[in-house]
Each structure stands twice: as structure tokens, then as C-alpha cells.
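**Student:** The following block contains the structure, expressed as C-alpha cells.
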Amino acid sequence: MIPFKIDGQPVEGRDGGNVLEVAMDAGIDIPHLCYHESVKSYGACRLCLVEVVRRGKSKMTTSCTYPVMGGIEVFTRTEKVLRARKMIIELILAMCPGDKLIQDMAREMGVDGVRFKKDEKDCILCGLCGRVCEEVVGANAIQFAFRGDRREMIPPFQGEAMSCIACGACVIACPVDVIGMREEGDERTIVRWKRTLKMKKCKVCGNYFAPWFQLEKFKEQAKLSKDFFDVCYTCRT
Amino acid sequence: MKIQTKNDLEKTREEGLKSLYPGAIKISVGMATCGLSTGAGKVYEAIEKEIGKAKVPIRLERTGCIGFCQREPVVDILEPGKPRIFYQGVTPERCGELVEKWLEDRVVEDLLFCKMEKEDRILEGGVKDYAIQKIPSGIDGTPNYHQVPFYGKQLKIALRNCGFINPDHVEEYIARGGYFSLYKALFEMKPEEIIEEVKRSGLRGRGGAGFPTGAKWEACQKAKGDRKFILCNADEGDPGAYMDRSILEGDPHSVIEGMIIGAYAIGAHEGFIYVRDEYPLAIQKLKIAIGQAEEAGLLGGNILGSGFSLKINLFRGGGAFVCGESTALMASIEGKVGEPRAKHIHTTESGLWDKPSNLNNVETWNNIPIVVSRGAEWYSKIGTTGSKGTKVFSIVGKVKNTGLIEVPMGATLREIVYDIGGGIPDGKKFKAVQTGGPSGGCIPESLIDMPVDYDQLTEVGSMMGSGGMIVMDESTCMVDVAKYFMNFLKSESCGKCTSCREGTKRMHEILTEIAEGRGTTDHIELLKELGWVTAEASLCQLGATAPNPVLSTIRYFQDEYEEHIINKRCPAKVCRALLRYQILSDVCKRCGKCIKACPAEAITGKKKTKKEPGEAFKIDVEKCIKCGMCFEACKFEAIEVE
Numbered sequence: 056m057i058p059f060k061i062d063g064q065p066v067e068g069r070d071g072g073n074v075l076e077v078a079m080d081a082g083i084d085i086p087h088l089c090y091h092e093s094v095k096s097y098g099a100c101r102l103c104l105v106e107v108v109r110r111g112k113s114k115m116t117t118s119c120t121y122p123v124m125g126g127i128e129v130f131t132r133t134e135k136v137l138r139a140r141k142m143i144i145e146l147i148l149a150m151c152p153g154d155k156l157i158q159d160m161a162r163e164m165g166v167d168g169v170r171f172k173k174d175e176k177d178c179i180l181c182g183l184c185g186r187v188c189e190e191v192v193g194a195n196a197i198q199f200a201f202r203g204d205r206r207e208m209i210p211p212f213q214g215e216a217m218s219c220i221a222c223g224a225c226v227i228a229c230p231v232d233v234i235g236m237r238e239e240g241d242e243r244t245i246v247r248w249k250r251t252l253k254m255k256k257c258k259v260c261g262n263y264f265a266p267w268f269q270l271e272k273f274k275e276q277a278k279l280s281k282d283f284f285d286v287c288y289t290c291r292t
Numbered sequence: 027m028k029i030q031t032k033n034d035l036e037k038t039r040e041e042g043l044k045s046l047y048p049g050a051i052k053i054s055v056g057m058a059t060c061g062l063s064t065g066a067g068k069v070y071e072a073i074e075k076e077i078g079k080a081k082v083p084i085r086l087e088r089t090g091c092i093g094f095c096q097r098e099p100v101v102d103i104l105e106p107g108k109p110r111i112f113y114q115g116v117t118p119e120r121c122g123e124l125v126e127k128w129l130e131d132r133v134v135e136d137l138l139f140c141k142m143e144k145e146d147r148i149l150e151g152g153v154k155d156y157a158i159q160k161i162p163s164g165i166d167g168t169p170n171y172h173q174v175p176f177y178g179k180q181l182k183i184a185l186r187n188c189g190f191i192n193p194d195h196v197e198e199y200i201a202r203g204g205y206f207s208l209y210k211a212l213f214e215m216k217p218e219e220i221i222e223e224v225k226r227s228g229l230r231g232r233g234g235a236g237f238p239t240g241a242k243w244e245a246c247q248k249a250k251g252d253r254k255f256i257l258c259n260a261d262e263g264d265p266g267a268y269m270d271r272s273i274l275e276g277d278p279h280s281v282i283e284g285m286i287i288g289a290y291a292i293g294a295h296e297g298f299i300y301v302r303d304e305y306p307l308a309i310q311k312l313k314i315a316i317g318q319a320e321e322a323g324l325l326g327g328n329i330l331g332s333g334f335s336l337k338i339n340l341f342r343g344g345g346a347f348v349c350g351e352s353t354a355l356m357a358s359i360e361g362k363v364g365e366p367r368a369k370h371i372h373t374t375e376s377g378l379w380d381k382p383s384n385l386n387n388v389e390t391w392n393n394i395p396i397v398v399s400r401g402a403e404w405y406s407k408i409g410t411t412g413s414k415g416t417k418v419f420s421i422v423g424k425v426k427n428t429g430l431i432e433v434p435m436g437a438t439l440r441e442i443v444y445d446i447g448g449g450i451p452d453g454k455k456f457k458a459v460q461t462g463g464p465s466g467g468c469i470p471e472s473l474i475d476m477p478v479d480y481d482q483l484t485e486v487g488s489m490m491g492s493g494g495m496i497v498m499d500e501s502t503c504m505v506d507v508a509k510y511f512m513n514f515l516k517s518e519s520c521g522k523c524t525s526c527r528e529g530t531k532r533m534h535e536i537l538t539e540i541a542e543g544r545g546t547t548d549h550i551e552l553l554k555e556l557g558w559v560t561a562e563a564s565l566c567q568l569g570a571t572a573p574n575p576v577l578s579t580i581r582y583f584q585d586e587y588e589e590h591i592i593n594k595r596c597p598a599k600v601c602r603a604l605l606r607y608q609i610l611s612d613v614c615k616r617c618g619k620c621i622k623a624c625p626a627e628a629i630t631g632k633k634k635t636k637k638e639p640g641e642a643f644k645i646d647v648e649k650c651i652k653c654g655m656c657f658e659a660c661k662f663e664a665i666e667v668e
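So the protein lines, in turn, are chains A and B.
Take any residue in the first sequence, note its place counting from 1, add 55, and you have its number in my numbering.
Take any residue in the second sequence, note its place counting from 1, add 26, and you have its number in my numbering.
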């Protein structure tokens, strides 16, 4: 374990780890939106900015992408950091004024209103859904498309996400809950990706419990027996 | 033939010299993109036809750009014992006259541009004297190449061969000293010695950031790894900048030679040239050059018989400005989306495919053979304390002479704009120079005597960038300029970081508000705050430098912003929404030209005829779309713009 300091408090992080995860473990609160422990750090939302002093030089950087290094000193609430975070949350709020989480975070950071024209977007472009889909699920059903202010997270060619297995991992990962999942009868729909798939019926209770595609993919990836998913999670345990 | 020994290299040089100076008349046509776009292709064909008719043998060659792009197509004639003659603005129709007169020992005076009596051979450190015995009639008044103001203050190191060799002939490159530096590096120097030489030369990255090249090489050489990569950044995306394109089109071997020397010093055996697909001619020239170098044993396996091998691959970029950023460029080569990543671990340690990688820009690579051949001591005498050597700039905009120039570091903006550029056309007043591409800044007149180098430019809120230089005069609106660049950057940001994507978008939005008369006094402070966050909080250099156009124009031209915001006036008369067109009734002759020209039917009045005096002309402000058509159409200056 590598020792360093956050806000004067001695902490330790694993080799290859990042400053944000160490801070969270130590109970030090750093706001963040695009970080999730199950995927690689990305550094898109820029909310987890901190100041890092290394070899006497200070620089502002995102804590989720900053690797654990011996002897560094991290400051999470300097005037500079708070000033930058405040503007960033205002920018996100202007982009997605309807998102509850963003409204709450903005209020906490002292942002009452926005000084920009309000957009009508809901997605904060953190990319977590796409990264979870790629790195955890392995389905690669969605990806960022276009550049700059036209950037969007979409299925290929803005149509139905043909590789989506409707597992719902993205729905759970989304910090602002704008993807949407619906189950009706024997069908599950991932609303944002326009994907509707048939579900499998449990042999014991008779309930539809998960999409066929998802179960097949999981069976293949985890090398499970052919009949493993004949029974739903509840009935198996 | 395979070049394996120094003797082979010397022999090839002899061949090249015969090709460069064939002992007969040789006509060269500048056929880089600038030449071709003004019709050099047709000129070449026309000369070819004329040559067919001539009774003496005449050789016709294609060459690169000699820098004065504005005067293209440029044609030069070289004949033993005579001064070399450069013609400008040649058209196919004039080619017959051009050849005929030369054969009669005369010149076409109105096309004459300059003459040359000796040629600089910067790589070898000497001159090639044309040993003039005979002077064709009609060239007395023509200035010598170095007396032409455009060239007088230039020092061509990077552009040494552009316009003088046929880039498709490797032996011509060798004849002007090419690949001798490679020989010296491979057989007379250890890798550490080369790195030391580059370090001592003071060469800094020409791609924009100005990182010391030697230090970068050293870090990559010392990095642990079985496989290392050498990369060339030819993804030149700045609007109006084409330094790298010209080098690649006119002298591709200089870049390849630099890369081989670098690869040998660092210990890399594989390289990539990342060139934007919008440069088809550069790609073609590079392909030919790589093929020739491989065939000659200068590239590929067992280079010059030294046992050192290097494979150089060409990678064509898909047109994203952000791919000029080092990590985005590497991601793109890896087949991923061209998005930058955090660089807490340097690319010299973990770059392309997580292997130690050394990325330099085209012009940096092109400088390496010079550093090796002339030595660090010679090289470091050129330039300022912190910036050594020369820099190529593409000088464009509101300036008389536009084109590609190369000056020693430390040349002042005044020398560049007035001596080389010839000053501002149409008697207008100079306002600012924008340097460093879209994320550079605007430098005002008060700083015109500032020496141009990396540190000075950064200090005044701009940057060297890759070398774009846009001159602006009093008819340029600084709010409009900032808006233009912000529009470019908001579209070319990769969009990953909130601060860059939303920051540039909102800055553009506010600038639009100001330009359209809806600006408020809070806007200037808000722009400054947005600029600060975009620069400080974004991941890569695109974001870090993106606010420069806004911040530098506010810094030096805040009064112009205030005019827009408070008085709703655009002093340069550019921002259309703030313009008012009106007809001066005492000047108006009631001719009716403006009514015809107006697409919005906003002008009323009755035309004056022989019988009737007509009715006063008026512009309906509500209907007027401020297109300026009436202003253009009026012959009596009766339309006033306020």
C-alpha cells in the first residue's frame, strides 16, 4: 500500500489505484458523476477535481484519473477547486435542468440558478452506460457518437441497439436515471435504446424473469451449464 | 540500387546533382497544393507542349512550394551559366512566350519575379554558385532572390529543399546533402551522443507546446520496454495553416530522415506518420518517398548496411482536429475513438499500445538532419535564449504578401507583418495578429515589436501553436473573431470533458448574444470565468488553450466588447445585427440600382426619369436583412452604414 495525504489526513492506496477511490474509502466526500468502481476511470464530468501537490508543484486535476503515488498531497476543497466545481455543475445544470440529482448537487454547491440558456437534454454525457456495457457486460451495444457540442450516447446509427441484451446494467449505472426499463408480460424494453426482448419463464414459479439474450450471454461468459437459467434467481436460492 | 556504403551515397549524390543541374535548360513548376489550386497543372502541360516544339533539349520538372503561395503558379528556369529566373502568376497562355523568349536569351518581363545567382545549401553549409557568364536581356531591374522583401529576412532551414528539388526523386534530396546526416548518425555517433546533440541544440517541439525535443527523446530512450514507437504528427488541422503540408509535399525525405535518426537514438524499430486524409498530395508524396527510401536501403531492414532497421507506416487521419493531440492521435492509430486520455504517465513511457512512444511534429523531424549535420553549436546560435532555430509560419489574412515564411526565432511581429508581409493592403490600419491556430490569441498593435518565440507568445496570452499567423486590420471585429474560433472549437472539441464541451459552447453562445446586440455588462465577467474553467479543468491541451481567443481579445480589446454591449455598435462594421443601413437623400440620385439589388424588398422610392423627379429612397429598417447588397450596388456612395 502506498501512503499519501488527503486534506492533511494520512491515507493509503493500492498500486494502480486512483485518488478518488482512496478518498471515498477514507470517508472524504468528493462529488463525482462519471466514476464507478466497476469500470475504468474516464474523467469526463470533471466534478471530482482536486489539487495535487507533487514534488512541490501544484496542479488541478480529476481525482478519478490521478494514480495513487507516494508522497503526494491532495487537497479536495481549495478555493480554486470549489470555484471550478461550481461552474461545472452550473454548466451541467444548464444542459440538463430537469435532472433531480443535478439540481440537488447544484444546490449543495451553492448554485441557485443558471446564467445560460437552458437546454432540454437529460443525459449528462458521463458515458457510464456505454462503459458498463463494454467493460462489464461485453455487449458494446451503445457508444458515444459525434464530436463537441453534438456529442450523444446512442445505439449504432441512432436506431435500435441490436447488440443490446436488455440486461439493464446501464439503467442501474446511470446516475441521473434517464435510460428507463419497462417490463410488460413476457417482454422487457430498454426505453432509451429502443430495444425490446422476450423474457424467459421460470420452470418453478412460472414468472418471466430475464431476457433470453441476457441469459444466453451470461451462460456463455461464465461457462454455466445449459439448464442453469431454467430457474429464476429467487427460486434457485 | 541499394545504398550500403558512403561511397554508394556519394555516387547517388552525383546522380542527383546531374538531375538537379542537368547541363541543359531546366524548367521547374511549383506543384504543391498551392500551385495546383491556381492552375500549375495546366501550366505544366502547356510548357510540356512548348518543349516538344523546341529544337534544343529542355528538361521539365515538378517541384514543391517556394513559399510565396500568393504568386503561384511559380515557374523557374535554370540554365548553366545564367542566373536562375523565377516567374510568378504564370498562365498556360503565356507559356509559349516564356519558352520562346528564353531560347532567344530574353525574358517575359511582366511575369518576372526575381533572379538567383547562387543557391543556399544550408544542410552542408555552403552555397552553390551558378557561375554566371551570360545575362539574358531584360532582367536588369529584377531583384535578386534575397533582395525581394518577402525573402530578405527569411532563413530557410525547414523549407531548405521546398521548391528546389523534385520530391519524387530521392537522389535530388541526397544531392542537397540529404541522408548524409543519417549516415553520420548511424556510423559516427552513439544514440546517447545524438540525444545529447539534440538537447544541446535547444530544439523545441514545433507542434505547438514547445517541449524540448532532446529531453523527450531521452525519456523515451530510458523508458523500459521491448517495443518502442516513433511517431510523426502530420495532423495539421488549424484553419489557415499549412506549414507541414508544404514540407511533406515539397520535401518528404527530410521528415523520414529525421524519423530514422530519432528511431535509432531512441531504439525504436516501428514508426507511424499520422497524416490527415485531407492532404491527398502529401500522402501521395510520402508514399513515394517511403517506397524509394526502402528501395534504396535507407529505410526498412539493415539501413545503409548498419544492421539497424525501421519500418515506417502511414496512417491517415479521419478529419478530427482533436486527433492532433498526442493521446487522441495514439487512440486513433489503435483503432479507437480519437479522444484524449489523462497523461499522468507520459507517452514516452506508455504511449501507443501502452508502449514507450516518441511523438514529434513534421517540422521537428525535419529539423533533425540539420542539427546532426551542422551540430548543436551552430544550431543554437540561431534564435533567442529560450527558443532556438527557425520557425515556419503561414502568414495569411489582411496582409499584402501571403504565403509560407521561415524566420529565426526572435524575429519581431513587425518584421514579419511589415517587412516580409509587406504591410496591410488598401491603406488600412493594422489591428492584431492571431497566432497559434484556433486556440491561439490575438496580439495587439502595442506589442508589434515583440520578438516571436515560445515564451513571449505564451506571456502575452497566445501561443506558438503549429505556426499559423492571421493578420487583422481595422475592418476585423474582435468579437466576431473570438466567435469564429469558438465556433470552430466547440465543434472540434471531442466533447468528453464537461468543461471543454460546455465551456466552448457557452462562450460561443454568449459571443453570439453580444454580436447580435443582446449582450449585457455581466457577459464579460462570465466569459472570463468560463474561460478560466475551460482552461483549468479540462483534460487535454485543446481545452486548456481553447479560451485563448476569447481571453486575449477581452484583454486587449475590451473597449470593443463594451461598444457592442453598451452602445450596440460594432466599430469594425462586421456584426450584421448591429449595423444600420440608411440612404443619404442629398447624395442619392434616385437611380434605382439599390431597389433592384435588395433581395428583401426593403427599399421604397420612385426612380428618377427624364419626365419625373422620382421620390426619395428609403430603407425600411424592419424589412432590412443587412446583407449589404444595396451598399455594393450604389455607385454614388449614398448608402451609409452605421
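Glycine included, every Cβ here is placed at the ideal spot set by N, Cα and C.
As the structure is a computational prediction, the values presented were derived from the model and not from experiment.
Would residue 247/B pass as a contact of residue 217/B if the rule is Cβ separation under 8 Å?
**Tutor:** Residue mapping note: residue 247/B aligns to position 221 of the second sequence, counting from 1. Residue mapping note: residue 217/B aligns to position 191 of the second sequence, counting from 1. Yes, they are a contact pair.
**Student:** Between 265/A, 213/A, 204/A and 233/A, which lies nearest to residue 222/A when the distance is taken from Cα to Cα?
**Tutor:** Reading the first sequence from its first residue, position 167 is the one you call residue 222/A. The shortest Cα separation from residue 222/A among 265/A, 213/A, 204/A and 233/A belongs to 265/A.
**Student:** Along the beta strand (DSSP E) that carries residue 54/B, what are the first and last residues, could you check?
**Tutor:** What you label residue 54/B is simply residue 28 of the second sequence in a count that begins at 1. Residues 51-56.
**Student:** Measure the C-alpha to C-alpha separation of residue 642/B and residue 650/B and round it to an integer number of angstroms.
**Tutor:** Translated into the one-based positions of the second sequence, residue 642/B becomes position 616. Translated into the one-based positions of the second sequence, residue 650/B becomes position 624. Cα to Cα, residue 642/B sits roughly 17 Å from residue 650/B.
**Student:** Quick one: what's residue 326/B bridged to in DSSP?
**Tutor:** On the second sequence, position 300 is the one that residue 326/B refers to. Bridge partners of residue 326/B: 336/B.
**Student:** Using a Cβ cut-off of 8 Å (strictly closer), state whether residue 150/A contacts chain B.
**Tutor:** Looking up residue 150/A in the first sequence gives position 95. It does; some Cβ of chain B falls within 8 Å.
**Student:** For residue 113/A, write down the residues that DSSP places opposite it in a beta bridge.
**Tutor:** Counting from one through the first sequence, the residue named residue 113/A turns up at place 58. Answer is 108/A.
**Student:** Within a Cβ cutoff of 7 Å, which residues of the same chain sit near residue 66/B, ignoring the five residues on either side of it in sequence?
**Tutor:** Reading the second sequence from its first residue, position 40 is the one you call residue 66/B. Once the five neighbours on either side are set aside, the close Cβ partners of residue 66/B are 55, 56, 57, 98 and 99.
**Student:** Residues in the segment 570-598 of chain B with C-beta within 8 Å of chain A's C-beta atoms, listed in sequence order?
**Tutor:** none
**Student:** Is it right to say residue 23/B is buried, meaning 16 or more other beta carbons lie within 10 angstroms of its own, or is it exposed?
**Tutor:** Chain B is shown only over 27 to 668; residue 23/B falls outside these bounds and no answer can be derived.
**Student:** Tell me the residue span of the alpha helix (DSSP H) that contains residue 524/B.
**Tutor:** Indexing the second sequence from 1 puts residue 524/B at position 498. For residue 524/B, the enclosing alpha helix (DSSP H) has its first and last residue at 524-541.
**Student:** Which class does residue 145/B belong to by DSSP, given the choice of helix, strand or coil?
**Tutor:** Taking the first residue of the second sequence as 1, we reach residue 145/B at position 119. Assignment of residue 145/B by DSSP, reduced to helix, strand and coil, places it in the strand class.
**Student:** Tell me which residues of the segment 506-529 of chain B have at least one Cβ-Cβ distance to chain A shorter than 9 Å, keeping chain order.
**Tutor:** Along the segment 506-529 of chain B, going in chain order, the ones with a CB nearer than 9 Å to a CB of chain A are 515, 516, 517, 518, 519, 520, 521, 522, 523, 524, 525, 526, 527, 528 and 529.
**Student:** Measure the Cβ-Cβ separation of residue 572/B and residue 530/B and say whether it is below 8 Å.
**Tutor:** Along the second sequence, one-based indexing puts residue 572/B at 546. Along the second sequence, one-based indexing puts residue 530/B at 504. Result yes, Cβ atoms of residue 572/B and residue 530/B sit closer than 8 Å.
**Student:** Would you tell me roughly how many angstroms separate the C-alpha atoms of residue 74/B and residue 126/B, rounded to the nearest one?
**Tutor:** Along the second sequence, one-based indexing puts residue 74/B at 48. Along the second sequence, one-based indexing puts residue 126/B at 100. Taking the straight line joining both Cα atoms gives about 13 Å.
**Student:** Can you tell which of 103/A, 94/A, 95/A and 56/A has its C-alpha closest to the C-alpha of residue 79/A?
**Tutor:** Within the first sequence, residue 79/A is the residue found at index 24, counting from 1. Among 103/A, 94/A, 95/A and 56/A, the Cα nearest to that of residue 79/A belongs to 103/A.
**Student:** How many Å lie between residue 270/A and residue 253/A at the Cα?
**Tutor:** Taking the first sequence and counting its residues from 1, the one referred to as residue 270/A is at position 215. Taking the first sequence and counting its residues from 1, the one referred to as residue 253/A is at position 198. About 11 Å.
**Student:** For residue 196/B, does the count of other Cβ atoms within 10 angstroms reach 16, so buried, or fall short, so exposed?
**Tutor:** Here residue 196/B refers to the residue found at position 170 when the second sequence is read from its first residue. Label assigned to residue 196/B: buried.
**Student:** When DSSP labels each residue in this structure, what does residue 260/B get in the three-state scheme?
**Tutor:** Residue numbering aside, residue 260/B sits at position 234 when the second sequence is read from its first letter. Three-state DSSP puts residue 260/B in a strand.
**Student:** So is residue 89/A buried or exposed if we call it buried at 16+ other beta carbons inside 10 Å?
**Tutor:** Taking the first residue of the first sequence as 1, we reach residue 89/A at position 34. Looking at its Cβ environment, which holds 16 or more other Cβ atoms inside 10 Å, residue 89/A is buried.
**Student:** Using a cut-off of 9 Å between C-beta atoms, extract the partners of residue 54/A located in chain B.
**Tutor:** Because chain A spans 56 through 292 in this model, residue 54/A falls outside it and cannot be assessed.
**Student:** Is the segment 604-623 of chain B close to the segment 656-668 of chain B, with three or more CB pairs under 8 Å?
**Tutor:** yes
**Student:** Got a sec, what are the start and stop residues for the alpha helix (DSSP H) residue 504/B sits in?
**Tutor:** Residue 504/B sits at position 478 when you count from the first residue of the second sequence. For residue 504/B, the enclosing alpha helix (DSSP H) covers residues 504-518.
**Student:** For residue 562/B versus residue 115/A, is the C-beta distance shorter than 8 Å?
**Tutor:** Sequence index remark: in the second sequence, residue 562/B carries index 536 (1-based). Sequence index remark: in the first sequence, residue 115/A carries index 60 (1-based). Yes; because the gap between Cβ atoms is below 8 Å, this pair is in contact.
**Student:** Pull up the DSSP beta-bridge partners for residue 384/B, would you.
**Tutor:** Residue numbering aside, residue 384/B sits at position 358 when the second sequence is read from its first letter. Beta-bridge pairing links residue 384/B to 256/B.
**Student:** Which residues does DSSP pair with residue 276/A in a beta bridge?
**Tutor:** Translated into the one-based positions of the first sequence, residue 276/A becomes position 221. In the DSSP output, where bridge partners are listed per residue, residue 276/A has none listed.
**Student:** For a minimum of 3 consecutive residues, which ranges assigned as the beta strand (DSSP E) are wholly contained in the segment 174-256 of chain A?
**Tutor:** 198-200, 207-209, 236-239, 242-245 and 250-256
**Student:** Return the first residue and the last residue of the alpha helix (DSSP H) that residue 642/B is part of.
**Tutor:** In the second sequence, residue 642/B corresponds to position 616, counting from 1. Counted as a single uninterrupted DSSP element, the stretch harbouring residue 642/B is not any alpha helix (DSSP H) but the beta strand (DSSP E) occupying residues 641-645.
**Student:** My output table needs one value for residue 163/B: the three-state DSSP class, helix, strand or coil.
**Tutor:** On the second sequence, position 137 is the one that residue 163/B refers to. In the structure shown, residue 163/B sits in a strand (DSSP, three-state: E or B).
**Student:** According to DSSP, is residue 27/B helix, strand or coil?
**Tutor:** Your numbering for residue 27/B matches position 1 in the second sequence. If DSSP states are grouped into helix, strand and coil, residue 27/B belongs with coil.
**Student:** For the segment 194-227 of chain A, list every residue whose C-beta sits within 8 Å of some C-beta in chain B, in sequence order.
**Tutor:** 198, 199, 201, 202, 203, 204, 205 and 206
**Student:** For the beta strand (DSSP E) that contains residue 320/B, what are its first and last residues?
**Tutor:** Within the second sequence, residue 320/B is the residue found at index 294, counting from 1. No beta strand (DSSP E) contains residue 320/B, which is instead part of the alpha helix (DSSP H) from 306-321.
**Student:** Kindly indicate if chain B contains any beta-carbon less than 8 Å away from that of residue 229/A.
**Tutor:** The residue given as residue 229/A occupies position 174 in the first sequence. Answer no: the Cβ-Cβ gap between residue 229/A and chain B never drops below 8 Å.
**Student:** Between the segment 116-128 of chain A and the segment 146-163 of chain A, are three or more C-beta pairs nearer than 8 Å?
**Tutor:** When C-beta atoms of the segment 116-128 of chain A are compared with those of the segment 146-163 of chain A, fewer than three pairs fall below 8 Å, so the two segments do not count as touching.
**Student:** Taking 6 Å as the limit between beta carbons, can you name the residues of its chain near residue 60/A, skipping five residues before and five after?
**Tutor:** Numbered from 1 along the first sequence, position 5 holds the residue referred to as residue 60/A. Excluding sequence neighbours, residue 60/A sits near 128.
**Student:** To the nearest angstrom, how far is the alpha carbon of residue 617/B from that of residue 165/B?
**Tutor:** What you label residue 617/B is simply residue 591 of the second sequence in a count that begins at 1. What you label residue 165/B is simply residue 139 of the second sequence in a count that begins at 1. Going from the Cα of residue 617/B to the Cα of residue 165/B covers about 50 Å.
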